[in-house]
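A.B. asks:
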Amino acid sequence: MELNKQIVQTYVREAHVRDFESNSEEPTVMHRLDYTVSDDPHVFEFKLTFMFGHFGTQVDGVIETTMLIHGEESTDILADIKQNEAIYAIPLFAKASSIVTKLSEDRGQFPIIVPIELWLE
1 MELNKQIVQT
11 YVREAHVRDF
21 ESNSEEPTVM
31 HRLDYTVSDD
41 PHVFEFKLTF
51 MFGHFGTQVD
61 GVIETTMLIH
71 GEESTDILAD
81 IKQNEAIYAI
91 PLFAKASSIV
101 TKLSEDRGQF
111 PIIVPIELWL
121 E
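Have a look at this one:
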């Protein structure tokens, strides 16, 4: 089933950066994706709550996006979202990655580059 997806708007609701003590050479990555249907059955609200920590810097925040999704008449869009959550979240993961890079760069350190694949693991 082929669905047409269009991002209508994206907001960074909050973002925080702080120092933390880390003994691990591996990054700490956590996220939670929530989604709801609006009054229009083709408009979906996605919310990504994320945290990324590495090299003594932790960045966490909330990103929200509104997506317009159309498919064939018989397509159950919500079922497709549930089955393929990670695919729908890729734009949010990309935004979270860029926020981590920017905020870690602004702290006077070298920027932490976060590949999207790290969120998907």
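For what it's worth, full-length UniProt numbering labels the leading residue of the sequence shown as 1, then goes sequentially.
Positions of the beta carbon are idealized from the N, C-alpha and C atoms, including for glycine.
For clarity, every value in this text was computed on a predicted model and none was experimentally measured.
On the criterion of 16 or more Cβ atoms from any shown chain inside 10 Å, does residue 56 qualify as buried, or is it exposed?
C.D. replies: Taking the first residue of the sequence shown as 1, we reach residue 56 at position 56. By the 10 Å Cβ count, residue 56 comes out exposed.
A.B. asks: Quick one: measure Cβ to Cβ for residue 59 and residue 92, integer angstroms, because I've assumed they're closer than 8 angstroms.
C.D. replies: Counted from its first residue, the sequence shown places residue 59 at position 59. Counted from its first residue, the sequence shown places residue 92 at position 92. Not really, about 14 angstroms apart at Cβ, beyond 8 angstroms.
A.B. asks: Output the boundary residues of the alpha helix (DSSP H) element that contains residue 122.
C.D. replies: This structure does not reach residue 122, given that the chain is present from 1 up to 121, and the question cannot be answered.
A.B. asks: If you compare alpha carbons, which of 51, 85, 41 and 37 is closest to residue 19?
C.D. replies: The residue you call residue 19 lines up with position 19 of the sequence shown. It is 51.
A.B. asks: Once you ignore the five residues that flank residue 70 on each side, which residues in its own chain have a CB closer than 6 angstroms to its CB?
C.D. replies: Sequence index remark: in the sequence shown, residue 70 carries index 70 (1-based). Counting only Cβ-Cβ distances below 6 angstroms, and skipping sequence neighbours, we find 4 and 42.
A.B. asks: When the distance is taken between beta carbons, is residue 64 closer than 8 angstroms to residue 44?
C.D. replies: Taking the first residue of the sequence shown as position 1, residue 44 is located at position 44. Taking the first residue of the sequence shown as position 1, residue 64 is located at position 64. Contact: no.
A.B. asks: Compute the Euclidean distance between the alpha carbons of residue 26 and residue 53, then round it to the nearest angstrom.
C.D. replies: The residue you call residue 26 lines up with position 26 of the sequence shown. The residue you call residue 53 lines up with position 53 of the sequence shown. Roughly 9 angstroms separates the two Cα atoms.
A.B. asks: CA-CA distance, residue 90 and residue 116?
C.D. replies: On the sequence shown, residue 90 is found 90 positions in, with the first residue counted as 1. On the sequence shown, residue 116 is found 116 positions in, with the first residue counted as 1. Computed Cα separation, rounded: 7 angstroms.
A.B. asks: With DSSP collapsed to three states, give me the class of residue 34.
C.D. replies: Translated into the one-based positions of the sequence shown, residue 34 becomes position 34. Three-state result, residue 34: strand.
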